[in-house]
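Down below is the structure, laid out as structure tokens.
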Amino acid sequence: MIDHLEDQLVPRHIAIIMDGNGRWAEERKRPRLFGHKAGVDSVRDIVEAAREIGVQHLTLYAFSTENWNRPSGEVSGLMGLLKTYLSAELENLRSNDIRLRCLGQAERLPMEVRQVLEQTIADTAGCSTMNLNLALSYGGRVELRDAIRRIAAGCERGELNWEEISEQTISDHLYTAGQADPDLLIRTGGEHRLSNFLLWQASYAELYFTDTKWPDFRKAQLMEAIQVFNQRQRRFGRTGAQVQGEAGK
Ligand code: IPE
Ligand code: IPE
Ligand code: MG
0 MIDHLEDQLV PRHIAIIMDG NGRWAEERKR PRLFGHKAGV DSVRDIVEAA REIGVQHLTL
60 YAFSTENWNR PSGEVSGLMG LLKTYLSAEL ENLRSNDIRL RCLGQAERLP MEVRQVLEQT
120 IADTAGCSTM NLNLALSYGG RVELRDAIRR IAAGCERGEL NWEEISEQTI SDHLYTAGQA
180 DPDLLIRTGG EHRLSNFLLW QASYAELYFT DTKWPDFRKA QLMEAIQVFN QRQRRFGRTG
240 AQVQGEAGK
């Protein structure tokens, strides 16, 4: 599996909007939760594959601030799955040296989910081969609002000077503080939108959209996305010739 990645650049940070579980289930005339369950198998597969190929940060969008507006049965089903996943994965994450973090409003999650989440975060805090960020009750706008509030509070206390607020100051106050921005942002499930995901951090991510629904997105599809990523030229505002000149040096 790994062979055809030779000579390919592995993105340091991959972020994924895991979309399409509900439609995947509906196509099979099954309840939406059946799709979410199948989606958990994709999560396991992709976490393992990403670690294997040397991704440093993997961010998975599992539940958005807007997803709280879904029918309560679906929300509680998703919370139940999250709890089961975390309890079942702790040993696996630890033995694979994967550090779990949560991006989002952990305080809004049900107590029993929070407990296992906090336990897993604490128990994997010393792991360093890969960082797994689960975006849970995550919203990019709330993240920015909270960062602005904390920066403003720092200014009021005299710890920060408003004239010295830089892009780095903002990055340092986001959930992803200290982590490289995503290089590759994948969305499965056929929609072409960000849905409030990593609004600040994704400013120069390469976007990859696929119609494949999340339960069908496995190692092979991840490799394909990485191959496409390798065909892109990241210019960061410069010209193609400039970038080629740099590469030739
Ligand atoms: C993504 O799949 C999982 C979550 C948002 C929790 P969806 O549940 O959005 O699936 P579709 O988009 O309805 O098919
Ligand atoms: C985005 O998917 C959120 C997650 C994958 C967790 P949605 O299904 O909620 O996005 P919209 O509503 O189609 O934009
Ligand atoms: Mg969806």
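Under numbering that gives the first Met the number 0, think of the first position of the sequence shown as 0, with each following residue one higher. Note that beta-carbon positions come from the ideal geometry of N, C-alpha and C, so glycine has one too.
Asked, Found
"Close-in-space but distant-in-sequence residues of the same chain around Arg234 (CB under 6 Å, 5 per side omitted)", "Val242"
"Cβ contact (3+ pairs, closer than 8 Å) linking the stretch 35 to 45 and the stretch 2 to 19", "yes"
"Residues of its chain near Asn160, where Cβ-Cβ distance is below 8 Å and the 5 sequence neighbours each way are ignored", "Cys154"
"Local conformation of His56 per DSSP, three classes", "strand"
"Sheet register partners of Ser136 (DSSP bridge)", "Paired residue(s): none; Ser136 is not in a bridge."
"Residue burial classification, Trp213 (beta-carbon count within 10 angstroms, cutoff 16)", "buried"
"Counted within 10 angstroms of its Cβ, other Cβ atoms place Asn191 as buried (16 or more) or exposed", "Here residue 191 turns out to be His, not Asn, going by the sequence shown. Looking at its Cβ environment, which holds fewer than 16 other Cβ atoms inside 10 Å, His191 is exposed."
"Buried or exposed by the 16-neighbour rule on C-beta atoms within 10 Å, applied to Leu206", "exposed"
"Segment contact, 8 Å Cβ cut-off, at least three pairs: the stretch 84 to 91 with the stretch 116 to 131", "yes"
"Pairwise C-alpha distance: Leu183 and Phe228", "7 Å"
"For ligand 1, residues whose Cβ lies under 5 Å from any non-hydrogen atom", "Asp18, Gly19, Asn20, Gly21, Arg22"
"Inter-residue Cα distance where the pair is Gln104 and Arg31", "24 Å"
"Within 8 Å, strictly: CB atoms of Ile97 and Leu131", "yes"
"For Ser63: DSSP bridge partner residues", "Tyr137"
"beta-carbon Ala87 near ligand 2 non-hydrogen atom, thresh 7 Å", "no"
"Secondary structure, beta strand (DSSP E): runs of 3+ residues fully inside the stretch 99 to 166", "129 to 137"
"Pair within 8 Å by beta-carbon distance, Thr128 and Arg50", "yes"
"Supposed close pair Tyr60, Tyr174 - CB separation, criterion 8 Å", "Not quite, the Cβ-Cβ distance comes to about 12 Å (not below 8 Å), so this is no contact."
"Rounded separation between Gly247 and Glu162 - CA only", "39 Å"
"Reference Asn195; option with closest CA among Thr238, Thr187, Val141", "Val141"
"Thr123 to Ile185 span [Cα, whole Å]", "26 Å"
"Ligand 3 heavy atom lying under 7 Å from the CB of Gly293", "Residue 293 lies beyond the stretch modelled for the chain, which goes from 0 to 248, so this question has no answer here."
"Closer than 7 Å: Ile169 CB and nearest ligand 2 heavy atom", "no"
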